[in-house]
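Novice: Residues in the sequence shown are numbered from 1 upward in steps of one, following our numbering.
One structure coming up, written as structure tokens, with questions to follow.
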Amino acid sequence: MTKRVGFATRLGAIAAAVGSAVGLGNIWRFPYEAGVNGGGAFILVYICCILLMGIPVILSEFIIGRSTHSNMKAALRRLSPGKKYYLFTYVCIIGSFVVIGFYSVVCGWIIEYLYQAAMGNLDGHTSQEYCIMFNSLVASPWRCVGWTLLFLVLNFLVMSRGIEKGIERVASIMMPLLFLILIIFCVKSLSLPGAKKALYFLFYPDFSKLSMRGVLDALGQAFLSLSIGISCLVTYSSYFKDDASLTKDAATVGLLDTMVAILSGVMIFPAVFTFGVEPTAGPRLIFEVLPGIFQQMTGGYFWALLFFLLVFFASLTSTISLSEIPITFMIEEHKMSRPRAITWTALFTVILAVLAALSFNVLDDIKLWGKNIFDMMDYAASNIFMLLGGLFTAVYVGWIMDRKIIHEQLTNKGLLKSRMEPYLIFCLRYIAPVSIVFIFLYLTGII
Ligand code: PFF
């Protein structure tokens with residue numbers, strides 16, 4: 001059996017989980033989803049999803065991972081011998097490829113903006129010109145594919161050199177810095193004339209603006225943002241030490257992640273309303289709005305550069321955790337060497353990512369239900385794969401897994417108190433499954 005090493009410190013373990021959770025999901029996707037779905041009501045539903053389903057599912061993944069110290073498939077085989085639950089792992093593996101496929105295209109855009117910021121090209125334009133700038137990027141197959149591939153090369157280089165831990169260490173300095181810079185940008189953005197309108201939009205829950213599709217989007221966004229449902233946190237927590245408090249760690253990951261998402265919204269929307277950008281602009285939203293904020297700041301050149309650099313690192317720690325899912329699986333279940341597992345993972349990822357990168361230009365007439373390949377992957381990742389995975393995890397830990405193991409993991413074999421256990425089990429047994437199944441049935445027209 002492959003020898004497994006643990007995280008050196010408790011902080012290292014949390015930092016890695018937070019590193020996985022905090023990424024483009026918070027900074028890029030959350031504002032655009034909130035914009036598309038009308039703001040306040042979406043955010044309220046989002047927060048309920050985090051508390052009632054997100055954090056309980058994080059905790060469940062931690063329980064599965066740490067109680068077995070193995071990848072999802074081996075864990076499920078060990079926890080339920082002779083049963084076929086482990087087959088669900090394949091859904092997680094496919095899901096992880098779908099996420100990283102579209103995600104790395106956006107990482108590519110971030111690198112382009114980092115480059116443009118370094119060249120000083122983000123300065124001195126009107127908001128219309130920023131729209132044109134983004135359009136010309138996505139219309140160019142070479143630039144889109146080139147930046148995406150560059151990002152993937154960096155990602156897999158880090159992984160093949162075995163320096164992910166180094167990156168995580170860098171990220172544990174960068175993350176607090178990202179937090180700080182978000183706060184600075186929020187303050188700046190709130191001084192813009194559109195701030196009042198933005199705060200109303202973000203925090204006044206007008207339920208007439210929220211459809212059932214919006215509720216599904218909020219749930220999918222919560223799961224994607226927390227990195228749950230495709231066994232990422234099972235893989236990470238399989239390396240956790242036995243004395244960490246899983247409940248505290250799960251709550252820390254959930255709350256920090258949500259704070260970053262909300263701060264991103266507070267940073268983006270005053271500028272959206274000030275510069276007259278449509279809140280419903282979708283995936284392009286932050287790219288059209290951010291340069292305008294930098295321009296308003298003294299030393300805008302420096303802020304832009306720092307911002308994109310920090311977002312780059314935040315996304316790198318997320319894609320590292322994503323790629324680790326199939327890599328650990330291939331190494332432990334198919335007895336591959338690490339370089340070989342990395343090569344296969346890189347190959348599949350590149351194919352999907354190139355398709356996604358080309359879906360705005362060369363392949364833009366391939367559409368299903370009005371969505372291009374990128375949009376389909378983006379949608380399927382959170383609203384199908386992560387939700388199904390979340391449902392599976394909730395039902396498995398809530399109904400099927402041995403309660404004694406759950407109790408042992410929550411209390412570290414009796415050393416800690418676990419007041420949250422009944423709450424956890426209630427959320428996993430009833431709230432999560434009933435809500436997810438209800439939303440699915442409603443949207444497919446069955447009820
Ligand atoms: N949570 C990451 C983000 O918000 O950017 C994305 C992600 C990472 C999703 C890892 C899933 C995952 F397994």
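Heads up, the beta-carbon is just placed ideally off N, CA and C, and yes, glycines get one too.
If you're wondering where the values come from, they're calculated on a predicted model, not measured in any experiment.
1) Count the other CB atoms, across all protein chains shown, that sit within 10 Å of the CB of residue 243; report buried if there are 16 or more and exposed otherwise.
2) Just list the residues that DSSP pairs residue 417 with in beta bridges.
3) How would you label residue 187, buried or exposed, when you count the other beta carbons within 10 angstroms and need 16 or more for buried?
4) Along the chain, which unbroken stretches of the alpha helix (DSSP H) at least 4 residues long are found entirely within the segment 71-140?
5) Does the beta carbon of residue 108 sit closer than 7 Å to a beta carbon anywhere in chain D?
6) Tell me, which residues are paired with residue 449 by DSSP?
7) Relative to the alpha-carbon of residue 73, which residue among 61, 88 and 82 has its alpha-carbon at the smallest distance?
8) I need the boundaries of the alpha helix (DSSP H) containing residue 284, first residue and last residue.
9) Is the beta carbon of residue 420 less than 7 Å from the beta carbon of residue 224?
10) Does at least one heavy atom of the ligand PFF sit under 6 Å from the Cβ of residue 21?
11) Considering only heavy atoms of the ligand PFF, does any lie closer than 6 Å to the CB of residue 383?
12) Express the C-alpha separation of residue 273 and residue 290 in angstroms, rounding to a whole number.
13) Does DSSP classify residue 386 as helix, strand or coil?
14) Are the CB atoms of residue 30 and residue 189 within a distance shorter than 7 Å?
15) Any idea what DSSP makes of residue 161, helix, strand or coil?
16) Straight-line CA distance for residue 198 to residue 119?
17) Might you give, ordered along the chain, the residues of its own chain that have their beta carbon closer than 6 Å to the beta carbon of residue 53, omitting 5 neighbours on each side?
18) Is it true that the CB of residue 238 sits closer than 7 Å to the CB of residue 65?
19) Write down the C-beta distance between residue 320 and residue 159 rounded to the nearest angstrom, noting that I regard them as a contact closer than 8 Å.
20) Whole angstroms are fine: how far does the CA of residue 394 sit from the CA of residue 56?
21) In whole angstroms, what is the alpha-carbon distance linking residue 209 and residue 38?
22) In three-state DSSP terms, what is residue 444?
23) Go to residue 197, then tell me how far its alpha helix (DSSP H) extends in each direction, as first and last residue.
24) Taking contact to mean 3 or more Cβ pairs, one atom from each stretch, closer than 8 Å, check whether the segment 172-188 and the segment 321-332 are in contact.
25) Taking the alpha carbon of residue 354 as the point to measure from, which residue in 26, 34, 21 and 147 has its own alpha carbon closest?
26) Curious, which full-length alpha helix (DSSP H) runs of at least 4 residues does the segment 239-319 contain?
27) Can you tell me whether residue 382 is buried or exposed, with buried defined as 16 or more other CB within 10 angstroms of its CB?
28) In whole angstroms, what separates the C-alpha of residue 425 from that of residue 417?
Specialist: Taking the geometry as given:
1) exposed
2) Residue 417 pairs with nothing; no bridge assigned.
3) exposed
4) 72-79, 88-118 and 127-139
5) Absent from the structure: chain D. Only one protein chain is present.
6) Because the chain spans 1 through 447 in this model, residue 449 falls outside it and cannot be assessed.
7) 88
8) It is not in any alpha helix (DSSP H) - residue 284 carries neither H nor E in the DSSP assignment.
9) no
10) yes
11) no
12) 12 Å
13) helix
14) no
15) coil
16) 31 Å
17) 432
18) yes
19) 6 Å
20) 8 Å
21) 5 Å
22) coil
23) 195-203
24) no
25) 147
26) 246-275 and 285-295
27) buried
28) 16 Å
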